[in-house]
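Remarks on the structure that follows.
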Amino acid sequence: MDEERQGQASSVPEAARQGADIQGRNLPDLSWVEAAIWTERMVSALRNGVKGGVWYSLIDKVYAPNTLASAWGKVKANRGAAGVDGESIERFEARAEVYLAELSERLRTGQYRPQAIRRVEIPKGDGTARPLGVPAVKDRIVQTAVKLVIEPVFEVLFHPSSYGFRPGRSAKDALRAVDLLVKDGYRFVVDADLKGYFDSIPHERLMARVRARIGDGRVLALLESFLKQDILKGMERWTRGCPKRRVSRFL
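Each residue of the sequence shown is one higher than the last, beginning at 451 in the numbering used here.
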C-alpha cells in the first residue's frame, strides 16, 4: 500500500511546493533540527509545504545509523533507569556500536518490537504518587529516533503561543510572553488541566491526526506499537484500556 501511494507522490525533497495551509504563516525557527536527518532541501520543504501535505518515505531516516547514533546520545545524556530487561545505560554503552547496528537492522527489516514498559510510582508532595513508565533503553532510543524524524513535520503547524514540550522553548519563554501580555493590559488568567490525559487520550483520534501528515505506513506502525506497549508492575501486566493480569515470571 505504501509503495502504491509513494508512486503517486514524489519523494520528500522533490515534492516540495507551496502548501495552502502553510502560506502566510510565521513559521518557527528550525535551526534546532538535526542536520544529519533534515537536509537543507527537506527544511525548505518544511517551510514551503509538500504535495498533499503528507510526508512519505521517512522510515529510512529513522533506522539510518546517524539518526540512531544521535538518538542514543540524547538518551545517554538523559540517563534514567533500566527498563524491564534490566539493561542500564552503562551496560548499553559498553556495546553501543553493536546494539545500534542491531536496532538499525531490525527497524529496516520490520522485525523490531518494543518491550513492555516498567511502571514505577514517584511520590508527590501531597502524599500521593505519580505513575511513571520506564521503557527499555533500546526502546527509548527508537522512540527518540522517531521523534527526531517526525517532530519538525508537526512543529511548523503549532500555534506561536504554544510553549509546552517544544524544541527551543521553555517555561521562561512562556513567562516572558505572559509578562508582555500583562504589560499590554491583559488581567485574566485561565488555569486548566486534564487529569490522567496520557492514560485516557483516544488513540484512534490521535493517530488520525498523525496520518493526516505522515503517510509512511512503517512509521505509523511504529507509533501504534508504542501506544500498545504492555505495562509491567511487579507481577501485574496489562495494556492500556485492558484488564490487568498476573504474570508467572518477570519477563
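Heads up, the beta-carbon is just placed ideally off N, CA and C, and yes, glycines get one too. Please read these numbers as outputs of a predicted model, since none were measured by experiment.
| query | result |
| --- | --- |
| On the three-state DSSP scale, how would you describe residue 685? | coil |
| For the alpha helix (DSSP H) that residue 508 lies in, which residues bound it at each end? | Taken as a continuous stretch (DSSP letters only), residue 508 belongs to no alpha helix (DSSP H), as it is neither H nor E. |
| What is the rounded straight-line gap between the Cα of residue 552 and the Cα of residue 522? | 13 angstroms |
| Taking a contact to mean a Cβ-Cβ separation below 8 angstroms, would you say residue 568 touches residue 525 in this structure? | no |
| Assign residue 546 to one of three DSSP states: helix, strand, or coil. | helix |
| Cutting at 7 angstroms between CB atoms, please list the residues of its own chain near residue 665, excluding the five before and the five after it. | 455, 504, 505, 506 |
| Determine the burial state of residue 533: buried for a count of at least 16 other Cβ atoms within 10 Å of its Cβ, exposed for fewer. | buried |
| Identify, in the order they occur along the chain, each residue of the same chain with its Cβ nearer than 7 angstroms to the Cβ of residue 556, setting aside the five sequence neighbours on each side. | 562 |
| By DSSP, does residue 582 sit in helix, in strand, or in coil? | strand |
| Identify whether residue 680 lies in helix, strand or coil by the three-state DSSP scheme. | strand |
| Give the secondary structure of residue 632 by DSSP, where H, G and I count as helix, E and B as strand, and everything else as coil. | helix |
| Does the Cβ of residue 499 have 16 or more other Cβ atoms within 10 Å, making it buried, or fewer, making it exposed? | buried |
| Give me the Cα-Cα distance between residue 662 and residue 636, rounded to the nearest whole angstrom. | 36 angstroms |
| Are at least three pairs of beta-carbons, each pair with one atom in the segment 487 to 498 and one in the segment 612 to 626, less than 8 angstroms apart? | no |
| Could you pull out every residue in the same chain whose Cβ sits closer than 6 angstroms to the Cβ of residue 401, ignoring the five residues on either side in sequence? | Any question about residue 401 goes unanswered here, given that the chain covers just 451 to 701. |
| Since residue 573 sits in a beta bridge, which residues does DSSP pair it with? | 579 |
| Please state whether DSSP places residue 487 in a helix, a strand or coil. | coil |
| May I have the straight-line CA-CA distance separating residue 684 from residue 512, to the nearest angstrom? | 33 angstroms |
| Give every residue of the same chain whose Cβ lies closer than 7 angstroms to the Cβ of residue 608, excluding the five residues on either side of it in the sequence, and list them in chain order. | 616 |
| Under 8 angstroms, do residue 595 and residue 518 count as touching if we go by C-beta distance? | yes |
| Using 10 angstroms around the beta-carbon of residue 471, count the other beta-carbons present and answer buried if the total reaches 16, otherwise exposed. | For residue 471, the pLDDT reaches just 40, beneath the cut-off of 50, and the residue's location in the model is therefore unreliable, although a value from the coordinates is still provided. Exposed: under 16 other Cβ atoms inside 10 Å. |
| Throw me the rounded Cβ distance for the residue 484 and residue 520 pair, which I believe falls under 8 angstroms. | 6 angstroms |
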